[in-house]
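Residue numbers (UniProt numbering): 1 to 179.
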Amino acid sequence: MSHKAEQPFVPLNIAVLTVSDTRTLETDTSGQLFVDRLKAAGHNLAARVLLKDDLYRIRAQVATWIAEDEVQVVLVTGGTGFTGRDSTPEAVTCLLDKVVDGFGELFRQISVADIGTSTVQSRALAGLSNGTLVCCLPGSTNACRTAWDGILGEQLDASHRPCNFVPHLKKAAPCESRG
């Protein structure tokens with residue numbers, strides 16, 4: 001028997017950022033997958049933005065959301081590869097108070113079934129900053145599906161045991177969707 005009392009589901013306010021030089025909101029299947037999954041799980045879409053792969057614009061957007069009282073989770077898709085334009089990890093890492101080392105490790109581990117050794121080229125990462133969980137994932141829709149279904153769905157659910165990220169997030173009232 002668990003020593004922890006059962007916790008009810010708590011809807012979180014989640015912002016979605018797509019980093020892409022080629023996609024639009026209409027063609028952004030990865031960001032849309034996150035939007036669909038988070039809403040289906042009972043969470044709130046706090047905001048949705050698409051930016052070109054520019055280190056300083058990415059950093060500014062994520063920093064803004066970290067500073068906002070109502071945003072509890074930021075999901076970033078894209079810009080985690082090795083091309084010259086990929087700069088999401090560099091943009092975000094300096095903003096994190098604590099890095100969640102196991103996130104990238106687990107993401108790569110569960111990705112092996114889909115993409116084999118190519119998973120070593122993923123620079124997926126996560127961390128906590130100002131009570132906000134920030135997760136950076138590859139831009140492929142399959143990668144986003146793997147992350148949500150294999151990690152995020154449970155870790156963003158207050159009822160998941162033995163632990164989840166909800167107790168580490170700032171308290172926020174439900175927000176209106178901004179995008």
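We put the CB at the ideal spot given by N, CA and C, even for glycine.
- Query: Cα separation between A113 and G81?
  - Reply: 19 Å
- State the DSSP-derived secondary structure class of C94, mapped to helix, strand or coil. coil
- Task: Answer yes if the stretch 133 to 144 comes into contact with the stretch 64 to 84, meaning at least three C-beta pairs across the two stretches below 8 Å, and no otherwise.
- Result: yes
- Message: Which same chain residues end up closer than 6 Å to L38 when comparing Cβ atoms and leaving out the 5 residues on each side of it in sequence?
- Response: If we look at L38 and ignore the five residues flanking it on each side, its Cβ neighbours are I14.
- Task: For the stretch 124 to 133 and the stretch 163 to 172, state whether three or more C-beta atom pairs, one from each stretch, are separated by less than 8 Å.
- Result: Contact between the stretch 124 to 133 and the stretch 163 to 172 is present, because at least three Cβ pairs lie under 8 Å.
- Query: Is the distance from the Cβ of K52 to the Cβ of D97 below 8 Å?
  - Reply: Cβ atoms of K52 and D97: not closer than 8 Å.
- Runs of alpha helix (DSSP H) wholly within the stretch 10 to 85 (minimum 4 residues, chain order): 29 to 40, 55 to 67
- Message: Give the list of continuous beta strand (DSSP E) stretches no shorter than 3 residues that lie fully inside the stretch 127 to 179.
- Response: 132 to 137
- Message: Suppose contacts are defined by Cβ-Cβ distances below 8 Å. Is G79 in contact with L50 by that definition?
- Response: no
- Through-space distance from T119 to H43, alpha-carbon basis: Whole-angstrom Cα-Cα distance: 29 Å.
- By Cβ distance, which residues of its chain are closer than 7 Å to residue 182, with the 5 residues on each side in sequence left out? Because the chain spans 1 through 179 in this model, residue 182 falls outside it and cannot be assessed.
- Proximity to F103 [Cα-Cα], best of C94, S122, G116, D86: Among C94, S122, G116, D86, the Cα nearest to that of F103 is on S122.
- What separation, rounded to the nearest whole angstrom, lies between the Cα atoms of L12 and V99? 20 Å
- Other residues of its chain near W148: CB distance less than 6 Å, five sequence neighbours each side excluded: R37
- Query: When burial is assigned at 16 or more other CB atoms within 10 Å of the CB, is Q109 buried or exposed?
  - Reply: exposed
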